[in-house]
Amino acid sequence: MRILMFGWEFPPHISGGLGTACYELTRTISRHGNKITFVVPRAEKPARKSSVQLISAVGVPLPSSSSVEEFFQSLNLQTADSILRPYLTEEEYSRALRSTSGDGTENDRSNVMTTSSHYGQNLMAEVARYSEIGEELAVKEEFDIIHAHDWMTFLAAIRAKRATGKPLVVHIHAVEYDRSGDSINGGIFEIEKMGMEEADHVIAVSHYTRNLILSQYGISPEKVSVVHNAVSRHQATRLYHVPPVRKNKTVLFLGRITSQKGPDYFIEAAARVLEKMPDVMFVMAGTGDMLPRMIERVGELRLGTHFHFTGFLQGHDVERMYAMSDLYVMPSVSEPFGLSPLEAMIYDVPVILSKQAGVNEVMPHALTVDFWNVDDIANKILAVLKYPALSRELLRNGRKALRSIRWEVAAERIQLIYNKLAV
Amino acid sequence: MPPLCLTLDLHQPAHLKHYSFFDIGNSASYEDESKTTEALNQLASQCVLPSTHILLKQLKEYGGDFRIAFLISGCTIDQFERYKPEVLDTFKALSDTGYVEFLASPYYHSLAASFSIQEFREQTLLHHARILELTGTAPAAFRNTALIYRDDLASEVETLGYQILFAPSSERFLGKRSPCGVYRPTNCSTLKLLVNNDPLSIDMARRFTHSDSPETPSTSAGFARWIQQASPARGGIINLSLDLGAFSRRPPGDTGLFQFLDKLPETVLLHRKGTFLTPSQAVSLRPTALLSSKDFITGECPGHDLSPWMGNEMQQDALNALYLLEPRIKGCHDQALLRTWRLLQVSDYFLSMNTRSESLPGTPRSPMPYESPYDAYINYMNILTDFSERIPG
């Protein structure tokens, strides 16, 4: 089958789990004999085929060069000039726009943008512009199915569907509710709703997300399937040797430092843990709009000597960070899936997860907490650090469970959906 | 049809409090009394009182032709005494009929047998005394928690003066022998072994606790026919046990158990020409073979081992930490601490830390109020940490 796929990031230019998911899905779906044209809204041209080095969310080089070649031959990567990135809010977008069109003094960590005067003036205009490119491509390309990942691609995908009459699958990795909580952007919500309504089938990354789709968007249940994300074994091929004797236990938060991820609960729990166990080190890795406030809060609580902010990590640094940690905590307020706990477990790091995370549906061997219950988070952190049998048992069972959480399984399920629609 | 020996089990663990790491050093109260009372009231009103009412009626009507045995853990008797004393009167009334036998067992439904023979002996003596006090009759038959058996335990049970010991129907132990036979532990001279018919017991429990069971009408007529089909052999004794606690978790309108108990004597005695025995009546039967197991065996799981209670690191860690306290506890001669230590031995707590996802037929007794086995372990270890800090020395 020929698939026209709309995404917004693809390795190596990724800013979160979505890029990894798109990479892994295209990799495994193409093995079923499918040809995929993957459209990314990115100003930068993809690196030449032969020199592309793919890296995962945890930064490990992916398959050997020959299989990368082979993979790229089956994958037609198209780009549309745009500065869209998956986690942009309107405000961040304006800032990014300033940094790309301004005098060049403002620096953004993203390296995916080039100076251009063609960008739309706001995020919605940008989405609309991307959709035009989507339609153009749709008319040019030959394909059987349209598959779109998350809202920013939906207008493009809808126009492609209308222009060609081909069946549309929309894949929901997150909904506006996950990103913005109570202060949702009505425009984004409408685009999500329209995308799901126009779609012939909707894929949700978890039952948690599926429930939101049914209850918040009123989509009819029979066309919404759950295909869980997975984690690749090859994401942990490199072994990091951590100095054998470390004085202090290390507890890790790794992710965007935004309210959705609950970094504030992590800090409050850390303060409680340190009351009982003063020799623990807490690491907050990542960046985001709440970072300044978090640094401030650590100061207020006088936790500075026990807290380390690494800033944005990628590649080997992420792996090293996992390898150095004794525990990973993900106190997300709303998490459609959440790949990083599975990655942590690959590095033999036990995890504490928010109950509001879809990944719980595939990983029963994690400790779970209500994100707002700071005392319970602290209780469980202390338990992991004080009772070593707990870590060992979590990891022993977790490793077994990880074996069945494979992208190949996700691809098979998606193939079945394609088959039904293509008839 | 061989004589039928039916034992009704009654055990209800005290519910532990939600106990956080931050409670360590601040609170020495570990039991959630309101949850314990709630479960106990449910057990009494939905199960124990109605069934004992029926049993009393039938025991009187059939004289000595209908007989039954009870195994009630010591900690459950204590709970009834504290929260629902009228239940103890019905046990007394059952015993007064002369047709009900009460078995001895480790007081706290514990796994002491596999950690400390000394503690096993002390808990057995405690339970023995409690049953004697409650019924006026000293128990003559013994059944260990989860039917745990090993040769050295059999010697201990014989030394303690019991005539009958129940063993699990593990194939590792029985080989091709019938579970209806009467046996002797290899290293004993007077003690007789009766084998609990685990498959039939589990099957029977299923008929009552799963209404979607293919062979439900769980009527006593169906039961008698089924027993006869399952054990066509002549001679010996069919030993069945039924966990009464499971019935308190049935929907309130479900009267299957009561109807069953009501019709049981009539069906077995009149229609099937069967008979009832209690365990110590089997003393007159001759043992037909010597049995031996050098390893612990149990009846309640497919592997017939202790893995449901101590198959993972958390369970082993918790149990080891608990039993390591024995010398300190017994050295400090503090009755309150000793009792708390024993309450923490209730085997259900370790069962709730089981991480194996496949369900083990017959094993789970009462579902614990934890979201995961990991939560059960954390809660237990927080309590045990606090408790161990309170032991002097």
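As they're listed, the protein sequences go chains R and H. Letter by letter, the first sequence follows residues 0 to 422 in numbering that gives the first Met the number 0. Letter by letter, the second sequence follows residues 0 to 392 in numbering that gives the first Met the number 0. Here a beta-carbon is modelled for each residue, glycine too, at the ideal position from N, C-alpha and C.
Asked: Close Cβ partners of R47 (chain R) (< 8 Å) along its chain, the five nearest in sequence each way excluded; Found: Its pLDDT being 34, under 50, R47 (chain R) is placed unreliably by the model, and nothing is read from it.
Asked: Inter-residue spacing [alpha-carbon to alpha-carbon] between E325 (chain H) and S182 (chain R); Found: 58 Å
Asked: Residue from R:D347, R:P335, R:A137, R:A269 with nearest C-alpha to G298 (chain R); Found: R:A269
Asked: 8 Å Cβ cutoff, T367 (chain R) in contact with chain H; Found: yes
Asked: Close beta carbons around I187 (chain R), own chain, < 7 Å, minus the five adjacent residues each side; Found: W150, E175
Asked: Local Cβ density within 10 Å of A159 (chain R), reported as buried at 16 or more and exposed below that; Found: buried
Asked: Residue span of the beta strand (DSSP E) that contains S5 (chain R), given as start and end; Found: Before going on, a small fix: residue 5 (chain R) reads as Phe here, not Ser. Element bounds for F5 (chain R): 1-5.
Asked: Chain H within 8 Å of A409 (chain R), Cβ atoms only; Found: no
Asked: Test item: CB-CB of P330 (chain R) and V272 (chain R) under 8 Å; Found: no
Asked: Extent of the continuous alpha helix (DSSP H) run through N40 (chain H); Found: 32-42
Asked: Neighbour flag for Y264 (chain R) against chain H, beta carbons, 8 Å; Found: no
Asked: Start-to-end residues for the alpha helix (DSSP H) that takes in I147 (chain H); Found: Here I147 (chain H) belongs to no alpha helix (DSSP H), and DSSP marks it neither H nor E.
Asked: Closer than 9 Å at the beta carbon, the chain R residues around F21 (chain H); Found: R271, E274, K275, D374, A377, N378, L381
Asked: Extent of the continuous beta strand (DSSP E) run through D393 (chain H); Found: Outside the modelled stretch of chain H, which goes from 0 to 392, sits residue 393 (chain H), for which no answer is possible.
Asked: Chain R contacts from the region 115-131 of chain H (Cβ-Cβ distance under 8 Å); Found: none
Asked: For N33 (chain R), three-class secondary structure by DSSP; Found: coil
Asked: Cut-off 6 Å between Cβ atoms - residues of its own chain near I130 (chain H), not counting five sequence neighbours on either side; Found: F101, P138
Asked: Minimum length 4: unbroken alpha helix (DSSP H) runs contained in the region 268-347 of chain H; Found: 306-309, 312-322, 325-331, 334-342
Asked: Where the region 312-339 of chain H meets chain R: residues whose CB sits under 7 Å from a CB there; Found: E312, M313, D316
Asked: Within 8 Å, strictly: CB atoms of P278 (chain H) and A153 (chain H); Found: no
Asked: Neighbour-count burial assignment, A335 (chain H), 16 or more Cβ in a 10 Å radius; Found: exposed
Asked: Check whether W406 (chain R) and E23 (chain R) have beta carbons under 8 Å apart; Found: yes
Asked: Neighbour-count burial assignment, N186 (chain H), 16 or more Cβ in a 10 Å radius; Found: exposed
Asked: Residue(s) in a DSSP beta bridge with V201 (chain R); Found: R:V169, R:V223
Asked: Counterpart residues of S109 (chain H) in DSSP-defined beta bridges; Found: H:V345
Asked: Of the residues H:D8, H:Q45, H:I116, H:I53, the one placed nearest A103 (chain H), counting alpha carbons only; Found: H:D8
Asked: Short CB-CB distance (under 8 Å) between L393 (chain R) and chain H; Found: yes
Asked: Spatial distance of D425 (chain R) from E196 (chain R) (CA atoms); Found: As displayed, chain R neither begins before 0 nor continues past 422, which places residue 425 (chain R) out of reach and without an answer.
Asked: Among H:E30, H:L42, H:L192, H:R149, the one whose alpha carbon lies nearest that of A288 (chain H); Found: H:L192
Asked: Nearest to T354 (chain H) (by Cα), restricted to the options H:S346, H:S371, H:L342; Found: H:S371
Asked: Cβ of A388 (chain R) within 8 Å of any chain H Cβ; Found: yes
Asked: The region 284-304 of chain R / the region 355-363 of chain R touching (three or more Cβ pairs under 8 Å); Found: no
Asked: Chain H contacts made by the region 395-407 of chain R, where a contact means CB separation under 8 Å; Found: R395, N396
Asked: N195 (chain H) - DSSP class collapsed to helix/strand/coil; Found: strand
Asked: Neighbour list for I382 (chain H) in chain R, Cβ cutoff strictly below 8 Å; Found: Under the 8 Å cutoff, chain R gives no residues; its nearest Cβ is about 12 Å from I382 (chain H).
Asked: Beta-carbon neighbours of E388 (chain H), restricted to chain R and to distances below 7 Å; Found: Within 7 Å Cβ-Cβ: nothing; E388 (chain H) doesn't reach chain R, min ~13 Å.
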